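Structure, as structure tokens:
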Amino acid sequence: MGRAPCCEKMGLKRGPWTPEEDRILVAHIERHGHSNWRALPKQAGLPRCGKSCRLRWINYLRPDIKRGNFTREEEDAVIQLHQMLGNRWSAIAARLPGRTDNEIKNVWHTHLKKRLEPKTATQAPKRKPKKQQQPEAVTLAAPVSPEQSVSTSTTSTTTDYSAASSSLENADSFTSEEEDYQIDDSFWSETLAMAVDSSDSGMEEAEGAFGASPPAPSTNDDVDFWLKLFMQASDMQNSPQIYA
DNA sequence: AAATAAAACAACCGCCATGAG
DNA sequence: GCTCATGGCGGTTGTTTTATT
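As structure tokens, this is what we get:
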């Protein structure tokens with residue numbers, strides 16, 4: 258028997274968050290942290306359940322969230338990590354700084370999965386990819402703090418990956434199912450190096466700053482092991498003569 | 001311009017793991 | 001050692017947005 262839904266029973270509010278609710282939640286967390294999600298909404302005066310608050314914070318309001326479309330590199334990393342980890346979205350998210358498990362999960366289900374589907378599905382997509390993410394979520398969090406306005410800015414996101422996006426001039430070709438999923442030789446060494454770096458330093462900094470507890474060491478070690486293995490494999494591909 | 005279909009996104013639900021009492 | 005409360009995760013659904021007809 259599952260636990261009763263926490264929000265409905267108490268007559269708490271559900272559905273989309275308003276900017277005002279966002280502001281209250283962020284202000285409260287900045288001031289008091291989030292040691293107890295259950296108690297948080299009451300303390301903050303939010304008519305929400307703790308679970309809802311937690312989700313909102315983790316997925317959208319955290320200052321270190323990177324918004325905007327996934328770059329090609331990020332998508333490829335997700336695919337590769339998914340091959341290694343399966344549907345362990347949180348583990349995958351831990352390797353992609355600024356991306357949340359929910360976001361990754363959505364991206365996976367909306368286009369990455371399709372990209373990997375066999376060539377049988379050759380119909381061209383009816384829609385072109387979205388130009389940019391809808392700004393509402395950004396504007397929700399943006400006014401809250403200077404930190405957020407920086408980290409949640411769509412433009413800053415694109416600048417983060419400007420180098421990568423510059424190589425995406427032919428992005429349309431990637432969206433075609435006819436396109437074989439081919440990884441540039443130099444890609445994995447870059448992407449995985451980034452992932453390892455961030456796991457070694459950046460991610461821990463980011464997580465530490467916001468009180469998130471790091472995943473179990475064994476899990477991290479496992480993933481790091483595989484990442485390094487892939488890096489080595491990639492290097493071998495790049496310069497086989499070295500390893501021959 | 002309106003209707004429709006599809007994609008993208010945001011949020012919720014239910015289960016599981018873990019820690020405190 | 002057991003029970004309960006809580007946090008966290010993955011799956012799923014509902015809503016909104018956008019492209020196409």
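For the first sequence, the residue numbers in the working numbering are 258 to 501. Every residue, glycine too, gets a C-beta built ideally from N, C-alpha and C. Since we're looking at a predicted model, the values are computed, not measured.
Alpha-carbon spacing of residue i relative to residue j, whole angstroms
i: T476; j: R345; result: Low confidence applies to T476: its pLDDT is 45, below 50, so where it sits in the model is not reliable enough to give any reading.
i: L269; j: H289; result: 22 Å
i: A284; j: C306; result: 17 Å
i: G343; j: N293; result: 30 Å
i: P354; j: K323; result: 8 Å
i: N326; j: R352; result: 17 Å
i: A301; j: E287; result: 11 Å
i: R295; j: P276; result: 21 Å
i: P304; j: H291; result: 16 Å
i: P273; j: W365; result: 22 Å
i: N363; j: R313; result: 15 Å
i: L282; j: R356; result: 20 Å
i: K299; j: K308; result: 12 Å
i: Y317; j: L297; result: 17 Å
Spatial neighbours of residue i in its chain, beta-carbon cut-off 8 Å, leaving aside the 5 residues before and after
i: N427; result: In this predicted model, N427 has a pLDDT of only 37, less than 50, meaning its place in the structure is not dependable; the value taken from the coordinates is given anyway. Answer for N427: no residue qualifies.
i: I349; result: V335, L338, H339, L342, D358, I361
i: P472; result: In this predicted model, P472 has a pLDDT of only 37, less than 50, meaning its place in the structure is not dependable enough to derive any value.
Best match in the options for proximity to residue i [C-alpha to C-alpha]
i: K370; options: V335, P320, A348, M341; result: V335
i: I361; options: E331, Q340, M341; result: E331
i: R329; options: L282, P273, E278, H368; result: H368
Cβ shell of residue i (< 6 Å), same chain only, five flanking positions each side left out
i: R311; result: W294
Beta-carbon proximity list for residue i, same chain, < 7 Å, skipping 5 on both sides
i: I216; result: The structure shown has nothing for residue 216, since the chain only spans 258 to 501.
Fill in: Secondary structure, beta strand (DSSP E): runs of 3+ residues fully inside the stretch 294–355
If we require 3 residues or more, the stretch 294–355 turns out to have no beta strand (DSSP E) run fully inside it.
Worksheet item: Considering only residues of the stretch 266–292, which uninterrupted alpha helix (DSSP H) runs meet the minimum length of 4 residues and lie entirely inside it, listed in chain order?
Response: The qualifying runs are 276–289.
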